[in-house]
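Novice: Quick one: the structure is below, and I'll ask about it shortly.
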Amino acid sequence: MTEGKFSDLAGEEQELLLAAEQELPDAYNPYNSGSRVGAAVRTAKGKIIGGASMANVSSTANLCAERVAIAAANTAGERDIVAIALIGTDADGVVENPVMPCGLCRQFIQEIVTETGHDIEIICSNSDKTKIIRTSLSELLPLPYIGGGTKTEKTS
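Just add 1281 to the spot in the sequence shown (first one is 1) and you have this note's numbering.
Here you go:
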């Protein structure tokens, strides 16, 4: 995990974060905090696909931007994701600390890791891109739920 600012990112990372930022106007949240998040994923083929958060009056039905972007990539037939970037704002247009994936999104990203067999770079930014955390899913979710457990065999 590294911390820095926008100018510390490589060109492809900057491009991905800017694509996430372009999604912010489409984020929807008329409730409480008014927080908005934009996300963008980069596929192994170099394609960038974005998504915006969408709140719901029933908060359990909220859609986080990273899940929207991953689902859009999946719909486009682009499931091999190598990186994801996040950026957010609150009702005043400012978030001081980098926006991090929630637990549900970390597990959702894990599904892609399980499918592809490789880790995913995650770039998390505050609203003005002065505080950026570069990490990976394996750092954020070191012990993911991978389902099913061990099958039990009958013994006689």
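Each residue gets a CB set at the ideal place from its N, CA and C atoms; glycine is no exception.
Since Ala1320 contacts Ala1350 with CB under 8 Å, what's their CB separation in whole angstroms?
Specialist: Along the sequence shown, read from residue 1 onward, the residue named residue 1320 stands at position 39. Along the sequence shown, read from residue 1 onward, the residue named residue 1350 stands at position 69. Correct: roughly 4 Å between the Cβ atoms.
Novice: Drop a sphere of 10 angstroms on the beta-carbon of Pro1379, count the other beta-carbons inside from all chains shown, and report buried for 16 or more, exposed for fewer.
Specialist: Here residue 1379 is taken as the residue at index 98 of the sequence shown, counted from 1. Label assigned to Pro1379: buried.
Novice: What does DSSP give as the partner residue(s) for Leu1344 in the beta ladder?
Specialist: Locating residue 1344 in the sequence shown gives position 63, where the first residue counts as 1. Beta-bridge pairing by DSSP links Leu1344 to Met1335.
Novice: Smallest Cα separation from Pro1425: which of Lys1410, Ala1300, Cys1386 and Leu1367?
Specialist: The count along the sequence shown starts at 1 and reaches residue 1425 at position 144. Residue Cys1386 is the option with its Cα nearest to Pro1425.
Novice: How many whole angstroms separate the CB atoms of Ala1346 and Gly1332, which I take to be in contact at a CB cut-off of 8 Å?
Specialist: In the sequence shown, the residue the question calls residue 1346 occupies position 65. In the sequence shown, the residue the question calls residue 1332 occupies position 51. That belief holds up - the Cβ atoms of Ala1346 and Gly1332 are roughly 5 Å apart, short of 8 Å.
Novice: May I ask you to report which of helix, strand or coil DSSP gives Ala1350?
Specialist: The residue given as residue 1350 occupies position 69 in the sequence shown. Helix.
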